[in-house]
Amino acid sequence: MRLLVTGGAGFIGANFVHSTVQERPAVAVTVLDVLTYAGSRESLRSVDDQIRLIEGDLVDESLVDTLVAECDAVVHFAAETHVDNALAGPAPFVRSNVVGTFSVLEAVRRHGVRLHHVSTDEVYGDLPLHGDERFTAQTPFNPSSPYSATKASADLLVRAWVRSYGVRATISNCSNNYGPYQHIEKFIPRQITNVLTGRRPKLYGTGANVRDWIHVEDHNSAVWHILEGGVCGSTYLIGADGERDNLSVLQLILALMGRDADDFDHVPDRVGHDLRYAIDASALRAELGWTPKHTDLTEGLTSTIAWYRDNEWWWGPLKEQVEAGYTERGQ
Ligand code: NAD
Ligand code: DAU
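Heads up, the working numbering is the position in the sequence shown plus 13, with the first residue counted as 1.
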């Protein structure tokens with residue numbers, strides 16, 4: 014199989030490329046990535062002689078057309094992904110997430126190529142803090158932020174291209190990922206690297222907001238299940254029953270790193286901050302036989318902390334600038 018992976022130099026995409034190269038040597042991987050601040054050649058360094066990395070933009074329709082024509086399937090990860098950045102400046106989110114997805118859809122339509130579109134649970138908005146309700150594929154879209162609105166827009170484009178043009182596409186909406194190679198602007202790696210650099214972790218508001226954590230390897234194994242066994246036109250929700258409030262996750266990181274439970278700062282809350290996400294992944298488990306492997310958050314965080322401790326070469330050069338940006342925003 015010749016596989017085109019958009020956004021393969023970002024967090025989830027790079028992990029996907031690593032596991033694909035390792036576990037599926039017959040798959041020829043091409044990565045298309047424009048290498049924004051969130052993408053890095055370094056994330057693919059250990060596999061660079063086993064893949065082809067094309068530095069280019071999703072909105073370059075002629076480049077996307079050429080690459081799609083050469084492949085059997087596309088896994089579309091590329092996007093602008095950080096909610097705080099979207100709140101500060103939404104324009105790149107509309108460009109990459111909406112126009113970029115349009116460009117991919119037009120190319121797969123022209124060439125009859127199979128597409129898997131990677132999306133987020135944030136398209137469904139948020140759930141009440143206390144309760145059992147979880148997102149399913151039937152939950153109506155209700156995005157809160159410019160980021161989630163652009164991801165919902167992209168999902169709607171994919172659905173329309175399936176219905177109108179018979180494009181062979183599946184969609185997945187996954188919950189919060191963690192693991193190696195995640196940009197240090199995001200919650201878990203930010204707090205780990207704050208501790209590693211002698212800074213105090215920063216918690217938005219009271220820390221009551223709940224996220225449904227999944228290890229990136231489990232997300233990516235679900236994507237392979239859907240690519241191989243998913244029904245075109247279907248949406249699959251991916252989650253591993255990992256609900257935790259932010260304060261508990263932070264205090265677990267502090268404990269695992271030998272720091273006191275109150276050794277952090279409260280900082281101003283994110284505007285429009287989604288309260289709770291929770292995924293019902295029973296359809297994916299039942300239909301495609303997928304099961305997550307990393308269901309113990311303490312184990313997952315222990316190995317993630319070890320990865321950041323051992324790989325300062327990867328994140329160290331970014332730290333000052335990322336924290337300066339947060340300081341400017343008062344967070
Ligand atoms: P990331 O920000 O770490 O990486 C995104 C990658 O896309 C970067 O390498 C960037 O250079 C590339 N990119 C951005 N705009 C591009 C463009 N116009 N052309 C080409 N490349 C471009 O993101 P991530 O956390 O790895 O997320 C990957 C995908 O998974 C996204 O679609 C995101 O919405 C989705 N998702 C993420 C999570 C999560 O918790 N991180 C959860 C569910 C779904
Ligand atoms: O649910 C899936 C989504 O998860 C993905 O679609 C997004 O791309 C990804 O960024 C993530 O979105 P969140 O906004 O949930 O993730 P983030 O890491 O930014 O924040 C997680 C929670 O932690 C959130 O409630 C805000 C809070 N937070 C975040 C940061 C960066 C803090 O308390 N302190 C922080 O310093």
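Cβ atoms here follow ideal geometry from the backbone N, Cα and C, with glycine treated the same way.
Because the structure is a prediction, the values reported are computed rather than measured.
Beta-carbon proximity list for residue i, same chain, < 8 angstroms, skipping 5 on both sides
| i | result |
| --- | --- |
| Leu263 | Gln204, Pro214, Leu216, Gly220 and Phe277 |
| Gly125 | Arg181 |
| Leu260 | Leu216, Thr219, Gly220 and Ala221 |
| Leu48 | Ala22, Arg54 and Glu68 |
| Glu74 | Ser116, Glu119 and Ala120 |
Near ligand 3: residue i beta-carbon under 7 angstroms from a heavy atom
| i | result |
| --- | --- |
| Ile292 | Among the ligands modelled here, namely ligand 1 and ligand 2, ligand 3 does not occur. |
Residue range of the unbroken beta strand (DSSP E) whose run includes residue i
| i | result |
| --- | --- |
| Ala86 | Ala86 to His89 |
| Val223 | Val223 to Asp225 |
| Asn186 | Ala182 to Cys187 |
| Leu17 | Arg15 to Thr19 |
| Leu57 | Careful: Leu57 lies outside any beta strand (DSSP E) and carries neither H nor E. |
Limits of the unbroken alpha helix (DSSP H) element including residue i
| i | result |
| --- | --- |
| Asp231 | Val229 to Gly242 |
| His31 | Phe24 to Glu36 |
| Asp168 | Pro159 to Tyr178 |
| Leu209 | Phe200 to Leu209 |
is_contact[residue i, chain C] using C-beta, thresh 8 angstroms
| i | result |
| --- | --- |
| Ala173 | Of the chains in the structure shown, none is chain C; there is only one protein chain. |
Inter-residue CB distance, residue i and residue j (contact presumed, cutoff 8 angstroms)
| i | j | result |
| --- | --- | --- |
| Trp326 | Ile197 | About 13 angstroms separates the two Cβ atoms, so there is no contact after all. |
| Trp226 | Tyr191 | 6 angstroms |
Counted within 10 angstroms of its Cβ, other Cβ atoms place residue i as buried (16 or more) or exposed
| i | result |
| --- | --- |
| Gly26 | buried |
| Lys306 | exposed |
| Leu140 | buried |
| Thr79 | exposed |
| Gly313 | buried |
| Arg224 | buried |
| Asp134 | buried |
| Ser188 | buried |
| Ala173 | exposed |
| Val284 | exposed |
| Tyr160 | buried |
| Glu230 | buried |
| Asn155 | exposed |
| Asn324 | exposed |
| Tyr137 | buried |
Residues near residue i by beta carbon distance below 6 angstroms, same chain, minus five either side
| i | result |
| --- | --- |
| Val107 | Thr163 |
| Val34 | Val60 and Gln63 |
| Arg127 | Ala86 and Arg181 |
| Asp287 | Asp139 and Ser157 |
| Gly113 | Leu71 and Val72 |
| Leu240 | His129 |
| Gly52 | Ala22, Gly23 and Asp46 |
| His238 | Leu301 and Trp303 |
| Glu146 | Leu140 |
| Ser32 | Asn233 |
Neighbourhood of residue i by C-beta distance below 7 angstroms, restricted to the same chain and skipping five residues each side
| i | result |
| --- | --- |
| Cys84 | Arg15, Leu16, Leu17, Thr43 and Val126 |
| Cys245 | Val175, Arg181, Ala182 and Thr183 |
| Ser56 | Ala22, Ala27 and Tyr194 |
| Thr206 | Ile197, Tyr321, Trp328 and Lys332 |
| Ser247 | Thr183 |
| Pro281 | Gly343 and Gln344 |
Could you give the uninterrupted runs of the alpha helix (DSSP H) lying entirely in the region 74 to 140, keeping only those of 4 residues or more? 74 to 82, 96 to 101 and 113 to 124
Segments of 4+ residues assigned as alpha helix (DSSP H) that fall wholly inside the region 262 to 344: 295 to 301, 310 to 323 and 325 to 341
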